[in-house]
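Taking it in order: structure first as structure tokens, then the write-up.
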Amino acid sequence: MADVSIATIRSMLQARVDAVVRELVPGGIMRSGLYEAPNPTRGDRHAGSFKIYMRGATAGKFVDYAGVNAPFIAGGDRGDVIDLIAYVAYGSHDRAEARKKAIAWAKDFLGLAELSVAERERLTKLAHARKLAVAAKHQDEEERKRKRAFDLFMQARVGLAGTPADAYLLSREIDIRDIPTFNHQDIRFHPGLEYFQAAEWGEVGGRRVKLKPGPAFPAIVCGFRNRGGAVTGVHCTYLQHDGAGKADVPKAKLMLGTIAGSVVRVAHGRGNVPPEAVTEQGYPADLPETVLAEGLEDCTTLASAAPEARVWMTGSLGNLGNVYVDHPCVGDVIVARDNDWQSPQAVRQFEHGILLLEAHGKPISQMAAIAGKDFNDLWRF
3 MADVSIATIR SMLQARVDAV VRELVPGGIM RSGLYEAPNP TRGDRHAGSF KIYMRGATAG
63 KFVDYAGVNA PFIAGGDRGD VIDLIAYVAY GSHDRAEARK KAIAWAKDFL GLAELSVAER
123 ERLTKLAHAR KLAVAAKHQD EEERKRKRAF DLFMQARVGL AGTPADAYLL SREIDIRDIP
183 TFNHQDIRFH PGLEYFQAAE WGEVGGRRVK LKPGPAFPAI VCGFRNRGGA VTGVHCTYLQ
243 HDGAGKADVP KAKLMLGTIA GSVVRVAHGR GNVPPEAVTE QGYPADLPET VLAEGLEDCT
303 TLASAAPEAR VWMTGSLGNL GNVYVDHPCV GDVIVARDND WQSPQAVRQF EHGILLLEAH
363 GKPISQMAAI AGKDFNDLWR F
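Residue numbers (the numbering used here): 3 to 383.
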């Protein structure tokens with residue numbers, strides 16, 4: 003076979019950039035045409051500084067803003083898709099040698115030539131080790147997030163009555179005293195929760211440290227529990243100090259920890275039986291209907307209007323399809339949907355979530371408020 007030009011190899015790699023990136027740099031995420039991942043050549047804990055362009059004429063180009071290696075541009079390692087292979091698979095200390103090996107790798111990847119058995123085995127082991135390292139880091143990070151969320155949940159106190167949280171819900175015309183099976187254990191009050199997004203961070207001795215904490219506000223702290231009942235995350239609603247409304251911050255509702263597959267159990271419904279007390283699937287007629295809604299205000303409104311229902315909060319539209327409706331405590335399911343979705347993407351996400359719920363074989367139905375954007379709006383008309 004006649005030798006293939008570098009330009010042709012580059013173009014062929016760009017056409018398969020998704021496969022190249024999955025092979026060499028696992029564990030990343032896509033953001034606006036950029037693939038962001040922990041740098042596979044060092045022990046990064048987070049993605050952010052290492053980016054790969056995935057579209058158009060620059061597909062495969064990478065930038066490592068935390069890199070310092072010449073002969074790449076000072077202040078950051080960077081280059082085209084061949085440089086990416088060289089950097090990740092062969093290091094950047096000897097760029098000429100690394101590029102030579104990268105071209106051989108690319109020819110093998112594209113079916114234009116074959117690597118030696120030893121080199122193929124070396125790269126296969128390297129890729130496998132990196133995937134294992136990414137998975138381990140991800141697991142450690144998820145566990146750290148869950149522990150942080152659980153610690154915050156335990157710092158909040160049980161009992162909303164007489165607090166700014168109670169005042170806030172009353173301002174939305176929600177009185178938790180009208181919900182006989184309200185889950186006080188999982189919907190708690192924190193008198194002074196730090197607004198983490200306003201904290202100031204810096205680097206001291208090579209470590210990222212908090213230089214100044216964010217301001218503190220009273221907050222409602224809701225615990226997300228997984229199928230087994232463990233708290234995996236929290237939903238925090240930051241409030242004005244008198245509870246007259248949400249705090250005047252850019253984003254008054256924040257979620258921490260792992261939310262996917264967990265719910266906030268707002269009310270247990272008829273019989274006041276928590277999920278862990280139900281071990282065998284009953285007939286739908288013997289079980290309270292389970293109502294799923296996205297936000298706390300909607301969930302407490304629905305629990306007030308239908309105190310016989312079990313009400314669970316999903317926290318986000320994307321988490322709807324993860325809800326464990328196959329649990330034996332669940333019979334008929336009613337999904338409360340909002341009326342203010344402006345994007346087709348949100349509608350598709352909701353419809354996909356419904357399909358995932360229906361796959362469990364439980365009766366699934368939908369409802370929407372006849373006025374306003376949600377049921378709390380309707381409740382207050």
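Glycine residues also receive a C-beta, built at the ideal position from the N, C-alpha and C atoms. Bear in mind that the values here come from a model prediction, so they are computed numbers and not experimental data.
Within the model, the alpha-carbon separation for D379 versus I372 is close to 10 Å. Relative to the Cα of E296, the nearest Cα in the group G62, D376, R159 and R12 belongs to D376. Under the three-state reduction of DSSP, Q368 is assigned to strand. Separation of I176 and G81 (C-alpha to C-alpha, rounded to the nearest whole angstrom) is 57 Å.
Taken in chain order, the complete alpha helix (DSSP H) segments of 4 residues or longer contained in the region 144-193 are 166-173.
Per DSSP, K63 lies in no alpha helix (DSSP H) and is assigned neither H nor E.
Secondary structure at D79: strand, using DSSP grouped into helix, strand and coil. Burial state of D188 is buried, judged by a 10 Å Cβ sphere holding 16 or more other Cβ atoms. Take the alpha-carbon of H270 and the one of P217: they are about 34 Å apart. Measuring C-alpha to C-alpha distances from Y67 to each of A39, T239 and V83 identifies A39 as the nearest. Take G323, set aside five residues on each side of it, and the residues of its chain with a beta-carbon closer than 7 Å to its own are H354, G355, L358 and L359, in chain order. Scanning the region 249-316 from its first residue to its last, the whole alpha helix (DSSP H) runs of 4-plus residues come out as 298-307. Listed as beta-bridge partners of H237 by DSSP are C224 and M257. Contact between the region 140-157 and the region 252-261 is present: 3 or more CB-CB pairs across the two stretches fall below 8 Å. The bridge partners DSSP lists for K214 are E202. The region 212-226 and the region 166-173 touch, with no fewer than 3 CB-CB distances between them shorter than 8 Å. Closest option to S367, judged by alpha-carbon separation, among F352, G374 and W381: F352. Here the C-alpha atom of Y89 lies approximately 16 Å from the C-alpha atom of R124.
With distances taken between CA atoms, R179 lies nearest to S306 out of S306, N321 and K364. The alpha-carbon of E25 is positioned some 36 Å away from that of H237. With respect to the C-alpha of K253, the residue from Q283, D244, R267 and F219 having the closest C-alpha is F219. Nearest to P182 by alpha-carbon distance, out of E299, V268 and M32, is V268. In this structure G247 is exposed. Its beta-carbon is surrounded by fewer than 16 other beta-carbon atoms within 10 angstroms. In the DSSP annotation of this structure, the continuous segment of the beta strand (DSSP E) that includes K53 starts and ends at F52 to Y55. Here V83 is not near L128, since their CB atoms are 8 Å or more apart. Minimum Cα-Cα distance from M56 among the listed residues R18, A91 and G93 corresponds to R18. The count of Cβ pairs closer than 8 Å, one atom from the region 104-121 and one from the region 199-206, stays below three, leaving the stretches out of contact. Ranking F184, E143, Q141 and D142 by CA distance to the CA of L162 puts F184 first.
With contacts defined as CB atoms closer than 8 Å, I105 and I31 fail to qualify as a contacting pair.
In this structure, L171 is the residue among L171, R44 and T234 with its C-alpha nearest to the C-alpha of T302.
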